[in-house]
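*Asks:* Residue numbers (my numbering): 148 to 280.
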Amino acid sequence: MDMENVNMLDGITLAYVGDCVMELYVRKLLVSAGISGSRDLNNIAQKTVNAAAQADAYHRIENMLTDEESDIFKRGRNCGHLNLPKHAKMSDYRIATGLEALFGYLSLTGNEERLAELLRAAVVLPMQNEQKE
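#1: Between which two residues does the alpha helix (DSSP H) harbouring residue 235 extend?
#2: Taking the alpha-carbon positions, what's the residue 237 to residue 230 distance?
#3: Specify the secondary structure class of residue 272 as computed by DSSP and reduced to three states.
#4: Whole angstroms are fine: how far does the CA of residue 256 sit from the CA of residue 149?
#5: How many Å lie between residue 145 and residue 245 at the Cα?
Structure, rendered in structure tokens:
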């Protein structure tokens, strides 16, 4: 999409795309790590792509963002028509939506190199956390 059309999208629409971008990134990462079996793949993915984990992911990259990227994040975070989360704090849910909006924006504008850089810095698989402890 061209930049003008992407800039007209609301935060929820950007987050809709960004959710898919992050989910696909995590799935590829899991398969590349040699994890197999749909149950294991889904269990680990669910621990990685949820509001709390995405809020943590945002905090890992927050200082890396440009002013423009921060504005896109805020567009997603501050959109007024979010659904009430079932299993998450509203604050985490809003941050996760902002992160997804940023990833959606970068994907739709074709900024794949920057998207990959931020995804690499943001996403930590649960077993990577366990190894650090």
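Idealized CB from N, CA, C, for every residue including glycine.
*Replies:* In brief:
#1: To locate residue 235, count along the sequence shown from 1; it is residue 88. Note, residue 235: premise wrong, no alpha helix (DSSP H); not H, not E.
#2: On the sequence shown, residue 237 is found 90 positions in, with the first residue counted as 1. On the sequence shown, residue 230 is found 83 positions in, with the first residue counted as 1. Between residue 237 and residue 230, the C-alpha separation is close to 9 Å.
#3: As a first step, residue 272 is located in the sequence shown; it is residue number 125 there, counting from the start. If DSSP states are grouped into helix, strand and coil, residue 272 belongs with coil.
#4: Taking the sequence shown and counting its residues from 1, one reaches residue 149 at position 2. Taking the sequence shown and counting its residues from 1, one reaches residue 256 at position 109. The straight-line gap from Cα to Cα measures roughly 7 Å.
#5: Nothing in the structure corresponds to residue 145, since the chain is present only between 148 and 280.
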